[in-house]
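Notes for the one structure printed next.
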Amino acid sequence: MEPTFQPDPVLHGGAGLRTFLNIAEQWSLSNEEQLRVLGIHDPVTFADWKVRVRAHEAFAIPMDVIVRIGCVLSIYASLATLFPGEQTTVWLRAPNTGSAFRRRTPLAVITSGELEDLERVARYLLGRIHS
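In terms of our numbering, the sequence shown is residues 3 to 133.
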């Protein structure tokens, strides 16, 4: 998936992270799961980013984190299209036998820490929408 738009890490970093944190709250992700989804290995840096987001500061985040946030946004939007309300949570937490999941829950795949897993779930859901 080639982006048609190149985000500015300073202009879009805080807004993207703020949106991610809202989604993470809706999905009941632990701090450790959030770190894995974003590919962040330093919890102190992540805690600092959260403080800066809440203060509405403009700050840069690495492009790879922005890419991961984009995958989460795609997954979130696809789920909103495919499932009404609480069905999203049920789908995220139920084991799935699809090839993208290998009997794991979609949430386990999303929180694996691997960018490829995030992209795989995003593609799977987009495929379901367009099939």
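Using N, Cα and C, we set each Cβ at its ideal position, and we do this for glycine too. This one's a predicted model, so the numbers in the text were calculated from it and none came from an experiment.
Buried/exposed call for residue i, threshold 16 Cβ in 10 Å
i   : result
N33 : exposed
P45 : exposed
V39 : buried
N24 : exposed
A26 : buried
I63 : buried
Own chain residues within Cβ distance below 6 Å of residue i, not counting five before or after
i  : result
M3 : With a pLDDT of 49 at M3, under the threshold of 50, the predicted position of this residue should be treated as unreliable, though the coordinate-derived value follows. Once the five neighbours on either side are set aside, M3 has no close Cβ partner at all.
Same chain only: Cβ atoms within 8 Å of residue i, ignoring 5 sequence neighbours per side
i    : result
H58  : G16
I112 : V39, V74, I77, L94, D119, L120 and V123
Residue i and residue j closer than 8 Å at C-beta
i   : j   : result
I68 : G18 : yes
F61 : R54 : yes
Residues of its chain near residue i, where Cβ-Cβ distance is below 7 Å and the 5 sequence neighbours each way are ignored
i    : result
L127 : I77, S80, L81 and L84
A96  : T107
F103 : V111
Q89  : none
Reference residue i; option with closest CA among the options
i    : options                : result
A124 : L31, R106, I71 and R56 : I71
T91  : E121, M65, Q28 and L75 : Q28
K52  : T99, L37 and M65       : L37
R56  : D66, T21, Q89 and P64  : T21
G100 : L31, R130 and S114     : R130
L117 : G87, G41 and S30       : G41
Test: residue i CB closer than 8 Å to a CB of chain D
i    : result
R122 : Among the chains in the structure shown there is no chain D, since it carries only a single protein chain.
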